[in-house]
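Since the structure comes first, as structure tokens, the remarks are kept for the end.
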Amino acid sequence: MTKTTKTSRISTASPVAVRDQSPAVEERIYQDIYDAIMEHRLPPRTKLTEQVLCQIYDTARHTVRKVLSRLATEGLVDLEANRGAFIASPSHAEVKDMFELRNIIEYAVLDKVGREASTRQIAGLRRMVEEERQSYLTGDRPRWIRLSAQFHLALADLTGNTLLVDTLRKLVSRTTLMIAKTEAPGHNACSFDEHDTVLAALESGDITLAQQHMAHHLHLCEDRVRPDDTDHFDLRSVLGKG
Ligand SMILES: [Zn+2]
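Residue numbering for the sequence shown follows my numbering, starting at 118 and increasing by one per position.
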């Protein structure tokens with residue numbers, strides 16, 4: 118990573134047209150792109166042109182690069198030498214491998230969490246699934262998609278193994294982005310009803326049943342992956358700065 122010069126802009130900052138390079142801007146760009154990817158407003162293989170993003174957000178190139186680098190770490194963006202950044206587009210074979218790996222990891226996660234998690238921790242997961250349901254019912258699609266991915270990571274987080282969480286984060290992001298965008302009820306990217314069955318089994322202390330529900334859920338998620346998405350798109354209009 119290139120070293121950037123940070124200058125203090127506290128209190129003495131003048132209101133002159135200085136480009137805002139604060140972490141808040143970085144976070145906003147990240148969230149905008151993350152949501153657009155997960156909602157398939159920006160389909161896989163879309164080129165994320167640095168210059169255009171700088172113009173859209175009126176920010177410096179290094180800020181955009183930091184965001185792209187973060188998205189790449191999470192598996193949502195592929196950085197290609199001399200070609201730039203593209204929304205990740207895993208092949209069918211990779212998607213299959215990723216779900217296989219998720220099955221192995223999430224099976225082990227449930228085993229450990231089922232044996233070690235406290236009632237309070239499980240209650241936290243219950244609240245998360247309820248929030249997920251509410252976001253869906255109120256039509257807050259970006260929040261719903263974020264929470265549905267977060268459920269898997271929150272479960273993994275209870276193992277206390279950060280390497281496991283980081284590995285799973287990339288797999289969850291990368292597989293979720295490949296799941297077809299569809300508004301039809303019952304064909305959701307990651308259904309809270311399915312999360313609910315996993316959680317209910319955990320709450321009743323039945324680890325084997327929780328593992329079976331998770332395997333079934335991941336199988337359904339894999340079935341929802343659509344190979345290609347050729348929607349028309351435009352960076353400026355998608356990121357709301359038309
Ligand atoms: Zn899920």
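Beta carbons: idealized from backbone N, C-alpha and C, even for Gly.
Residue i - DSSP class collapsed to helix/strand/coil
| i | result |
| --- | --- |
| L196 | strand |
| L356 | coil |
| L98 | The chain is shown only over 118 to 359; residue 98 falls outside these bounds and no answer can be derived. |
| P140 | helix |
| A318 | helix |
| M118 | Because the pLDDT at M118 is just 42, under 50, the model does not fix this residue reliably, and the value given afterwards should be weighed accordingly. Reduced to three states, the DSSP call for M118 is coil. |
| H312 | helix |
| D149 | helix |
| H179 | helix |
| H157 | coil |
| D283 | helix |
Presumed contact (8 Å Cβ cut-off) between residue i and residue j, rounded CB distance
| i | j | result |
| --- | --- | --- |
| G241 | I324 | About 18 Å; that fails the 8 Å criterion. |
| E156 | R258 | 6 Å |
| D149 | L356 | 5 Å |
| S265 | E248 | With 8 Å as the limit, S265 and E248 do not qualify as a contact, their Cβ atoms being about 10 Å apart. |
| Y253 | F309 | 6 Å |
| R187 | Y147 | 6 Å |
| V342 | I296 | 6 Å |
Residues that residue i bridges to, as DSSP identifies them
| i | result |
| --- | --- |
| V342 | I296 |
Residue i: CB within 8 Å of a non-hydrogen atom of ligand 3
| i | result |
| --- | --- |
| S265 | Among the ligands present in this structure, namely ligand 1, ligand 3 is not found. |
Residue-chain proximity (residue i, chain D), Cβ-Cβ < 9 Å
| i | result |
| --- | --- |
| D175 | The question asks about chain D, but that chain is absent: this structure has only one protein chain. |
Quiz item: Which whole runs of the alpha helix (DSSP H) in the segment 202–281 are 4 residues long or more, in chain order?
Solution: Entirely contained in the segment 202–281, the alpha helix (DSSP H) runs reaching 4 residues are, in chain order, 209–233, 236–254, 258–274.
Quiz item: Is the segment 161–176 in contact with the segment 201–211, if contact means three or more CB pairs nearer than 8 Å?
Solution: Taking a cut-off of 8 Å on C-beta distances, the segment 161–176 touches the segment 201–211, as three or more cross pairs fall below it.
Quiz item: For the segment 242–255 against the segment 174–191, are there 3 or more C-beta pairs whose distance is under 8 Å?
Solution: No: fewer than three Cβ pairs fall under 8 Å.
Quiz item: Below 8 Å, can you find three or more Cβ-Cβ pairs linking the segment 167–176 to the segment 268–285?
Solution: Touching, no.
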